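If you read the protein sequences in the order shown, they are chains A and B. Sequential numbering of the first sequence, starting at 503, is according to my numbering. Sequential numbering of the second sequence, starting at 503, is according to my numbering. We put the CB at the ideal spot given by N, CA and C, even for glycine. These numbers come from a predicted model, not from an experiment.
Protein chains: 2
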Amino acid sequence: MTVVLDRGRLVDAMETQATIGSTEDGGLHRLALTDADKAARDWFVDQLRELDLTVRIDEFGNVFGRRPGTDPDADPVLVGSHLDSQPNGGIYDGQLGVVAALELLRTLRDEQRETAHPIEIVNWTNEEGSRFQPGLQGSGVWSGEFDLQAEYERTDRDGVRLLDELERIGYRGDAPAEPAEEYEAYYELHIEQGPYLEESGSDVGVVTGVVGLSWGEVTFSGEANHAGSTPMHLRYDASVPAAELLVNIRRLPGALGERTVGTVGSVAVEPDSINIIPETATVTWDVRDPSDDVLDRAIDRLSEEARAAAVREGVEHEVEETARTASVEFDDRCVETVQHVADEFGYETLRLLSGGNHDASHLTDVCDTGMVFAVSEDGKSHTPQEYTSWDDCYRAANTVANAVLATATTDA
Amino acid sequence: MTVVLDRGRLVDAMETQATIGSTEDGGLHRLALTDADKAARDWFVDQLRELDLTVRIDEFGNVFGRRPGTDPDADPVLVGSHLDSQPNGGIYDGQLGVVAALELLRTLRDEQRETAHPIEIVNWTNEEGSRFQPGLQGSGVWSGEFDLQAEYERTDRDGVRLLDELERIGYRGDAPAEPAEEYEAYYELHIEQGPYLEESGSDVGVVTGVVGLSWGEVTFSGEANHAGSTPMHLRYDASVPAAELLVNIRRLPGALGERTVGTVGSVAVEPDSINIIPETATVTWDVRDPSDDVLDRAIDRLSEEARAAAVREGVEHEVEETARTASVEFDDRCVETVQHVADEFGYETLRLLSGGNHDASHLTDVCDTGMVFAVSEDGKSHTPQEYTSWDDCYRAANTVANAVLATATTDA
């Protein structure tokens with residue numbers, strides 16, 4: 503029953519896609535709905551047509567290719583990921599999941615293998631969320647989590663509207679951006695973007711779920727004043743509590759769960775002049791934990807520290823949580839299928855939670871869902887230094903391919 | 503001998519200049535060499551011509567108006583300040599010193615008072631240093647501290663060259679930007695921009711010098727990585743030591759001199775994305791103290807803390823001091839003249855150091871120099887809320903006018 507992918511062809515396809523929107527240092531700069539993203543989509547559609555798949559583009563730009571099954575009552579199995587990248591990101595993030603799915607369908611065609619269930623391959627629109635927020639947008643709309651019209655109206659930093667860009671690159675399709683039928687399952691292969699697989703010497707990761715996430719920002723408001731002539735005891739410097747909160751967010755994980763992580767990715771002060779005491783300072787937070795209870799406690803502590811730091815400096819402050827996603831547990835059936843096919847290949851596996859969020863999180867609202875992780879060297883991600891060896895790419899691709907195949911060949 | 507200015511005319515002139523480049527909330531937005539600065543300069547030149555002064559514009563745009571003395575051997579006494587403002591600044595900073603000097607010359611004309619020494623009034627180019635760096639630029643070039651050609655080449659944030667803007671607004675004059683003769687003295691009235699006069703219940707400030715200043719920046723360089731999937735123990739987050747250094751700079755003054763102040767006005771992280779661990783983080787410093795020794799120790803401590811914070815996080819760092827000005831002591835003769843005339847008016851005085859830097863600092867390289875401070879309500883400055891009552895403006899204007907007059911009537 504096992505399908506064994508063609509390693510050379512997988513590598514060729516990975517190398518080909520990596521030339522679209524490539525950066526000088528070997529990375530990818532392929533932001534959602536840019537010309538580079540259009541070129542990657544065009545390449546993807548060419549591959550789908552070459553495989554004689556039925557191409558369907560939905561009104562949010564999600565692109566599907568469908569291979570029929572033999573059982574007219576069997577629901578399709580969906581597999582895929584995303585072709586957009588972070589600013590100056592790496593060539594594996596998202597891409598590997600799409601390329602592996604293409605390689606599965608190529609192998610099934612070459613071997614003239616039929617499946618009871620149809621198999622659909624998908625490229626989701628704007629997974630990264632760096633040009634247009636939020637991320638996981640295409641899967642969010644399709645799964646019903648996000649509102650289509652609201653997401654159309656999102657703008658990038660230059661005020662360009664998402665819908666206009668979608669139309670400009672020719673990827674506002676006709677199909678409704680929603681499941682038109684029941685789905686049997688969704689599988690996604692992604693690079694780990696963390697160090698656990700490498701540290702444990704594993705070949706592939708069997709993902710059991712996704713940690714919960716909280717995003718937000720705290721803005722402190724003090725008084726702008728002259729840096730030279732204002733005595734220290736008459737200052738209301740917004741930057742000081744912001745810095746104290748930042749350091750505290752670094753310490754938060756040590757005081758909570760073993761898997762808690764806390765990050766301040768963005769800091770801004772105004773008026774941002776070397777000789778003016780900052781009037782306002784804003785820091786963002788990104789806090790994650792597998793336990794929604796621990797996440798609640800983390801945000802409580804963070805809010806308490808923000809309050810205390812503001813009081814110490816005598817400034818005002820506001821705390822706003824801008825996003826919260828509950829932790830996700832993938833379905834046993836999919837997790838065990840991934841585990842089983844990896845075992846059959848003799849791969850060393852690690853069962854782990856994903857620290858990053860993926861389109862698969864949204865898909866759990868639609869159908870049974872599972873994920874496979876490929877090893878990320880040094881856990882690096884969102885940088886041109888992101889690296890997964892071709893051997894590791896191949897192992898993970900075989901794993902997801904056979905999980906899809908196993909699910910697609912079961913009786914409806 | 504005393505001259506008493508016309509309070510109503512002083513207020514009128516202050517209100518008139520405040521309409522040029524005014525903001526909706528009653529402030530001034532009159533950045534150096536913009537159209538608003540040109541309009542203020544045009545108004546100033548009109549005033550000089552109306553007073554029958556000999557107008558001289560030098561090649562760096564400094565504008566002088568000269569009233570002859572009766573003694574051909576007597577050197578001129580210079581008085582003035584600047585007409586440019588900070589972004590969204592106040593209507594007193596710089597402006598009051600220029601308007602008070604105009605009012606002195608108007609009163610001398612009306613009273614047909616002659617002086618042994620010529621009196622020159624000056625508006626310095628780009629005191630603020632917010633559009634083009636550095637500040638105190640016109641006086642710096644004129645006093646020989648800065649190189650004319652180098653300052654011509656400075657560009658603003660949009661890459662516009664200073665020389666091109668100077669020519670565009672028609673203020674690149676023919677006179678050499680240097681003293682063509684000996685000067686007897688320079689006086690400048692400025693608002694305090696600090697709280698000491700108000701706190702002590704004083705009417706005017708007798709400025710004895712300017713504190714020393716150090717500007718610089720520290721850049722920490724770590725590793726960008728995924729905020730969700732990177733465990734805390736594998737992070738090299740540049741923002742953390744930057745925040746620790748910021749908090750430390752807040753504490754520095756308490757550990758050093760009574761008059762030490764330390765400010766981080768600007769903070770930047772890259773890539774500045776909510777879910778990416780910052781790769782680089784840069785904080786600026788502005789540290790000032792009346793003692794150059796204390797300033798040296800402050801920068802040593804700051805550098806040591808930067809190193810320690812970088813080591814704790816395992817990141818690289820660079821410390822660069824970008825500007826250093828030694829503390830300045832004004833000449834006893836000018837300080838005592840200011841004190842004497844203020845006493846004659848019966849004004850309550852406070853002798854104090856200036857925490858802010860002023861064109862007067864550069865003038866100490868050219869001739870004897872003194873300064874008068876006007877009360878700043880709540881010490882506010884560089885904001886539309888900057889406020890000095892008309893009574894306080896008037897008292898400080900009378901003080902600087904009579905200091906100039908006393909010096910200009912002494913024998914050569």
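Between the C-alpha atoms of Gly563(B) and Val749(B), what's the straight-line distance to the nearest angstrom?
Here residue 563(B) corresponds to residue number 61 of the second sequence, with the count starting at 1. Here residue 749(B) corresponds to residue number 247 of the second sequence, with the count starting at 1. Looking at the two C-alpha atoms, the distance is approximately 41 Å.
Check whether Thr504(B) and Glu746(B) have beta carbons under 8 Å apart
The residue you call residue 504(B) lines up with position 2 of the second sequence. The residue you call residue 746(B) lines up with position 244 of the second sequence. The answer is no: Cβ separation not under 8 Å.
With a floor of 4 residues, list each alpha helix (DSSP H) that falls wholly inside the stretch 861-897 of chain B, ordered by position along the chain.
Restricting attention to alpha helix (DSSP H) runs no shorter than 4 residues, the stretch 861-897 of chain B encloses them at 861-865, ordered along the chain.
Go ahead and label Glu653(B) buried or exposed: buried means 16 or more other beta carbons lie within 10 angstroms of its beta carbon, across all protein chains shown.
Mapped onto the second sequence, residue 653(B) falls at position 151. It counts as buried.
Ala757(B) versus Ser775(B), Leu804(B), Asp870(B), Ser741(B), residue with shortest Cα-Cα distance:
Looking up residue 757(B) in the second sequence gives position 255. For Ala757(B), the closest alpha carbon among the candidates Ser775(B), Leu804(B), Asp870(B), Ser741(B) is that of Leu804(B).
Give me whichever residues DSSP pairs with Asn904(A) in a beta bridge.
Here the question's residue 904(A) lines up with position 402 in the first sequence. Paired residues: none, contrary to the question.
Within 9 Å of chain A by C-beta, residues of the stretch 724-738 of chain B in sequence order:
In summary, the residues of the stretch 724-738 of chain B whose CB is separated from some CB of chain A by less than 9 Å are Glu725, Ala726, Asn727, His728, Ala729, Gly730, Ser731, Thr732, Pro733, Met734, Leu736, Arg737, in the order they occur in the chain.
Closest by C-alpha distance to Glu879(A), when choosing among Asp894(A), Glu719(A), Pro792(A)
Within the first sequence, numbered from 1, the residue matching residue 879(A) stands at position 377. Of the listed residues, the one whose Cα sits closest to Glu879(A) is Asp894(A).
Contacts that Ser775(B) makes with chain A (C-beta to C-beta distance below 7 Å)
Working through the second sequence from its first residue, we reach residue 775(B) at position 273. Correct list: Ser632, Gly767, Ser768.
Output yes if chain A places a C-beta closer than 8 Å to the C-beta of Trp545(B); else output no.
Residue mapping note: residue 545(B) aligns to position 43 of the second sequence, counting from 1. So, not an interface residue.
Within 8 Å, strictly: CB atoms of Gly711(A) and Ser829(A)
Mapped onto the first sequence, residue 711(A) falls at position 209. Mapped onto the first sequence, residue 829(A) falls at position 327. Against a cut-off of 8 Å, the Cβ pair of Ser829(A) and Gly711(A) comes out as a contact.
Taking the alpha carbon of Glu822(B) as the point to measure from, which residue in Val662(B), Ile801(B), Ala687(B), His842(B) has its own alpha carbon closest?
Counting from 1 along the second sequence, the entry for residue 822(B) is found at position 320. Closest by alpha carbon: Ile801(B).
Output the distance between the C-alpha atoms of Ser618(B) and Thr827(B), rounded to the nearest integer angstrom.
If you number the second sequence from 1, residue 618(B) lands on position 116. If you number the second sequence from 1, residue 827(B) lands on position 325. Checking the sequence shown, residue 618(B) turns out to be Ala, not Ser. Rounded to whole angstroms, the gap between the alpha carbons of Ala618(B) and Thr827(B) is 35 Å.
Using a Cβ-Cβ distance cut-off of 8 Å, determine whether Gln695(A) contacts chain B.
Numbered from its first residue, the first sequence carries residue 695(A) at position 193. Gln695(A) counts as touching chain B.
Between the stretch 780-797 of chain A and the stretch 637-654 of chain B, do at least 3 Cβ pairs fall closer than 8 Å?
Touching, no.
Kindly list, in the order they appear in chain A, the residues whose Cβ is closer than 7 Å to that of Arg790(B).
Residue numbering aside, residue 790(B) sits at position 288 when the second sequence is read from its first letter. Within 7 Å Cβ-Cβ: Gly730.
Give me, in chain order, the residues of the same chain whose beta-carbon lies closer than 7 Å to that of Phe634(A); leave out the 5 immediate sequence neighbours on both sides.
Here residue 634(A) is taken as the residue at index 132 of the first sequence, counted from 1. Ala534, Asn628, Arg656, Asp658, Leu664, listed in sequence order.
Helix or strand or just coil, what does DSSP make of Thr839(A)?
The sequence position of residue 839(A) within the first sequence is 337, counting from 1. It is helical.
By the DSSP assignment, the beta strand (DSSP E) with Asn625(A) in it spans what residues?
Residue 625(A) sits at position 123 when you count from the first residue of the first sequence. Unbroken beta strand (DSSP E) run through Asn625(A): 621-625.
Using the three-state DSSP reduction, which class does Thr536(A) fall into: helix, strand or coil?
Locating residue 536(A) in the first sequence gives position 34, where the first residue counts as 1. Coil, per DSSP.
For the alpha helix (DSSP H) holding Leu604(B), just list the boundary residues, first then last.
Translated into positions along the second sequence, residue 604(B) becomes position 102. Here the alpha helix (DSSP H) through Leu604(B) covers 597-612.
Closest Cβ-Cβ distance between Leu748(A) and chain B: below 8 Å?
What you label residue 748(A) is simply residue 246 of the first sequence in a count that begins at 1. Yes, Leu748(A) counts as interfacial toward chain B.
Could you name the residues of chain B that Ile779(A) contacts, counting a contact when the two beta carbons are closer than 8 Å?
Along the first sequence, read from residue 1 onward, the residue named residue 779(A) stands at position 277. By Cβ distance, chain B contributes Thr765, Gly767.
Listed by chain order, chain A residues near Val709(B) by CB distance under 8 Å
Your numbering for residue 709(B) matches position 207 in the second sequence. Near Val709(B) there are no residues of chain A at all, since even the closest Cβ is about 11 Å away, more than 8 Å.
Members of the stretch 881-912 of chain A that neighbour chain B once the beta carbon cut-off is set at 7 Å:
Answer in chain order: Gly881, Lys882, Ser883, His884, Thr885.
Could you tell me which chain A residues have their CB closer than 7 Å to the CB of Asn628(B), listed as they occur along the chain?
On the second sequence, residue 628(B) is found 126 positions in, with the first residue counted as 1. What Asn628(B) touches in chain A: nothing, since even the nearest Cβ is about 14 Å away.
The stretch 901-912 of chain A contacting the stretch 601-610 of chain A, beta-carbon criterion three pairs below 8 Å:
With a cut-off of 8 Å, the stretch 601-610 of chain A and the stretch 901-912 of chain A count as touching, because enough Cβ pairs lie within range.
Excluding five sequence neighbours on each side, which residues of the same chain lie with their C-beta closer than 7 Å to the C-beta of Pro589(A)?
Locating residue 589(A) in the first sequence gives position 87, where the first residue counts as 1. So the list reads His531, Leu533, Ser632, once near-sequence residues are dropped.
Which one of Ala812(A), Arg752(A), Tyr849(A) has the shortest CA to CA distance from Glu781(A)?
Here the question's residue 781(A) lines up with position 279 in the first sequence. Among Ala812(A), Arg752(A), Tyr849(A), the Cα nearest to that of Glu781(A) is on Ala812(A).
Nearest to Leu855(B) by CA position, among Phe875(B), Asp554(B), Ser891(B), is which residue?
Indexing the second sequence from 1 puts residue 855(B) at position 353. The candidate whose alpha carbon is nearest that of Leu855(B) is Phe875(B).
Touching by the beta-carbon criterion (3+ pairs, under 8 Å), the stretch 577-594 of chain A and the stretch 682-696 of chain A
The answer is yes - the stretch 682-696 of chain A touches the stretch 577-594 of chain A, with three or more Cβ pairs under 8 Å.
Give every residue of the same chain whose Cβ lies closer than 6 Å to the Cβ of Trp892(A), excluding the five residues on either side of it in the sequence, and list them in chain order.
Residue numbering aside, residue 892(A) sits at position 390 when the first sequence is read from its first letter. Taken in chain order, the residues that qualify are Val513.
At least one CB of chain A closer than 8 Å to the CB of Thr657(B): is that the case?
The residue labelled residue 657(B) in the question sits at position 155 within the second sequence. For Thr657(B), the answer is no, since every Cβ of chain A falls outside 8 Å of its Cβ.
Helix, strand or coil: which one does DSSP assign to Asp514(B)?
Residue mapping note: residue 514(B) aligns to position 12 of the second sequence, counting from 1. Helix, per DSSP.
Report buried or exposed for Thr732(A), applying the criterion of at least 16 other Cβ atoms within 10 angstroms of its Cβ.
If you number the first sequence from 1, residue 732(A) lands on position 230. Under this definition Thr732(A) is a buried residue.
What are the start and end residues of each continuous alpha helix (DSSP H) run of 4 or more residues lying completely inside the stretch 620-702 of chain A, in chain order?
Within the stretch 620-702 of chain A, the complete alpha helix (DSSP H) segments of 4 residues or longer fall at 639-644, 650-654, 664-670, 698-701, listed in chain order.
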